[in-house]
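Colleague: Numbering follows our numbering, with no gaps: position 35 of the sequence shown is 151.
Note that the Cβ used here is the ideal one computed from N, Cα and C, for glycine as well.
Have a look at this one before I ask anything.
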Amino acid sequence: MELIVATNLCDVCGIERAHVGTISAILASDLEEIGEVTRAMKVDGGGPGIGSVEDENYVMEMDRGTPGGRVGAVDESGLVLKPLSKFAVGDVIGYKEGGKYYYGSVVGVGEGVEEGE
117 MELIVATNLC
127 DVCGIERAHV
137 GTISAILASD
147 LEEIGEVTRA
157 MKVDGGGPGI
167 GSVEDENYVM
177 EMDRGTPGGR
187 VGAVDESGLV
197 LKPLSKFAVG
207 DVIGYKEGGK
217 YYYGSVVGVG
227 EGVEEGE
């Protein structure tokens, strides 16, 4: 249920779908635990230290899924080659360039569409 709400929230508010997982986890948390959950996910931005903009992991989490950004170790371990998958415009994908993986975004589907963002 949280995944559906998070996806619709992203669409309605213009938030990138890359943040659906983070929003879903926050929605599934008890109100008293939200601070702990966001700190553990490194998305609270609560000043210097862990979860702040000075924290490299925080910055990486906030860039997660952004087209052109490097794929982190956690996401890289879950990458799977699925050449026959059906994609929709806006879906987050991974691609390999120069031996490294990057995030991309589907910009078109159908015949004759070969470029990604």
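Given that a residue counts as buried once 16 or more other Cβ atoms are within 10 Å of its Cβ, and exposed if not, what is residue 225?
Modeller: Looking up residue 225 in the sequence shown gives position 109. Residue 225 comes out exposed.
Colleague: Who are the Cβ neighbours of residue 216 in its own chain at under 7 angstroms, not counting the five residues just before and after it?
Modeller: On the sequence shown, residue 216 is found 100 positions in, with the first residue counted as 1. Cβ within range, chain order: 186.
Colleague: Note down the Cα distance separating residue 211 from residue 148, rounded to an integer number of angstroms.
Modeller: Within the sequence shown, the letter at position 95 stands for residue 211. Within the sequence shown, the letter at position 32 stands for residue 148. Their backbone Cα atoms lie some 39 angstroms apart in a straight line.
Colleague: Per DSSP, what kind of secondary structure is residue 206 in: helix, strand or coil?
Modeller: As a first step, residue 206 must be located in the sequence shown, where it is residue number 90. Here residue 206 sits in coil by DSSP.
Colleague: By how many angstroms is the C-alpha of residue 121 removed from the C-alpha of residue 127?
Modeller: Here residue 127 refers to the residue found at position 11 when the sequence shown is read from its first residue. Here residue 121 refers to the residue found at position 5 when the sequence shown is read from its first residue. Roughly 10 angstroms between the two C-alpha positions.
Colleague: Under DSSP, the beta strand (DSSP E) around residue 226 begins and ends at which residues?
Modeller: Position 110 of the sequence shown holds residue 226. Neither: residue 226 is in no beta strand (DSSP E) and is coded neither H nor E.
Colleague: Since residue 208 contacts residue 141 with CB under 8 angstroms, what's their CB separation in whole angstroms?
Modeller: In the sequence shown, residue 208 corresponds to position 92, counting from 1. In the sequence shown, residue 141 corresponds to position 25, counting from 1. Wrong, their Cβ atoms sit about 17 angstroms apart, outside the cutoff.
Colleague: Work out the CA separation of residue 125 and residue 184 for me, nearest whole Å.
Modeller: The sequence position of residue 184 within the sequence shown is 68, counting from 1. The sequence position of residue 125 within the sequence shown is 9, counting from 1. Those two C-alpha atoms are separated by around 24 angstroms.
Colleague: Go ahead and label residue 206 buried or exposed: buried means 16 or more other beta carbons lie within 10 angstroms of its beta carbon, across all protein chains shown.
Modeller: Residue numbering aside, residue 206 sits at position 90 when the sequence shown is read from its first letter. Counting Cβ neighbours within 10 Å, residue 206 comes out exposed, since fewer than 16 surround it.
Colleague: Find the nearest neighbour of residue 222 within the set 214, 123 and 203, judged by alpha-carbon distance.
Modeller: Here residue 222 refers to the residue found at position 106 of the sequence shown. Comparing Cα-Cα distances from residue 222 to each of 214, 123 and 203, the minimum goes to 203.
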